[in-house]
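Q: Have a look at the structure that comes next, please.
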Amino acid sequence: MCQIIHQTFRILQTCYWLQKLFWTNHNVFFRVTNSYGCAHDTIKQITIVDNYAFYVPNSFTPNNDGVNDLFHPRVADVLKYHLTIFNRNGECIFQSVNPDEPWDGTHKEEKCLPGTYTWVITYIKYSAPETELRKTGTVSLIR
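Taking the numbering used here, the leading residue of the sequence shown gets 1358, the next gets one more, and so forth.
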């Protein structure tokens, strides 16, 4: 059960985390209460660093064995995201604007042939909303 006490601060049992705060310093108010009702308040300044992460696998095996069945690039803390996958002829066979949506190795509900596919990811980070970034690479589909 998660209790939202501010748009960027949540409490989950005894675990605390901040979400989507911009890369800068922030004053955070903490109140700790023990089982006897005694409370202590404090304000601490914390620094939010660029929490950016980018990982793209170089191969996957969409054979429904539960291991590496999906091509799922991992991009954290992005404001905007666009993934495009092309076949060897340069034809676009997959697109997504959702970083949580992987490619399953199909195109128009048909299994794609084994081989090398080109991917292009464009994205904007929360910490640099004025800059669109672009990465490209290849992924091997193995059947």
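Beta carbons are placed, not taken as given, at the ideal position from N, Cα and C, and that holds for glycine.
Kindly say whether T1390, judged by its beta-carbon, lies nearer than 9 angstroms to any beta-carbon of chain C.
A: The structure shown contains no chain C, having only a single protein chain.
Q: Would you tell me roughly how many angstroms separate the C-alpha atoms of Y1393 and F1387, rounded to the nearest one?
A: Position 36 of the sequence shown holds residue 1393. Position 30 of the sequence shown holds residue 1387. Straight-line Cα distance between these residues: approximately 18 angstroms.
Q: Using C-beta distances below 6 angstroms, list every residue in its chain close to F1417, excluding the 5 sequence neighbours before and after it, in chain order.
A: Here the question's residue 1417 lines up with position 60 in the sequence shown. Within the same chain, F1417 has close Cβ partners N1425, F1428.
Q: Along the beta strand (DSSP E) that carries K1492, what are the first and last residues, could you check?
A: Walking along the sequence shown from the start, residue 1492 turns up at place 135. It spans 1489 to 1498 - the beta strand (DSSP E) in which K1492 sits, taken as one unbroken run.
Q: Measure the Cβ-Cβ separation of V1496 and N1415 and say whether it is below 9 angstroms.
A: Here residue 1496 refers to the residue found at position 139 of the sequence shown. Here residue 1415 refers to the residue found at position 58 of the sequence shown. For V1496 and N1415, yes; Cβs fall inside 9 angstroms.
Q: Could you have a look at C1504 and say whether DSSP puts it in helix, strand or coil?
A: What the structure shows of the chain is the stretch from 1358 to 1500, and residue 1504 is not part of that stretch, so it cannot be assessed.
Q: Which of helix, strand or coil does DSSP assign to L1427?
A: Along the sequence shown, read from residue 1 onward, the residue named residue 1427 stands at position 70. In the structure shown, L1427 sits in coil (DSSP, three-state: anything other than H, G, I, E or B).
Q: What did DSSP end up calling T1301 once you bin it into helix, strand or coil?
A: The structure shown does not extend to residue 1301, since the chain spans only 1358 to 1500, so no value can be given for it.
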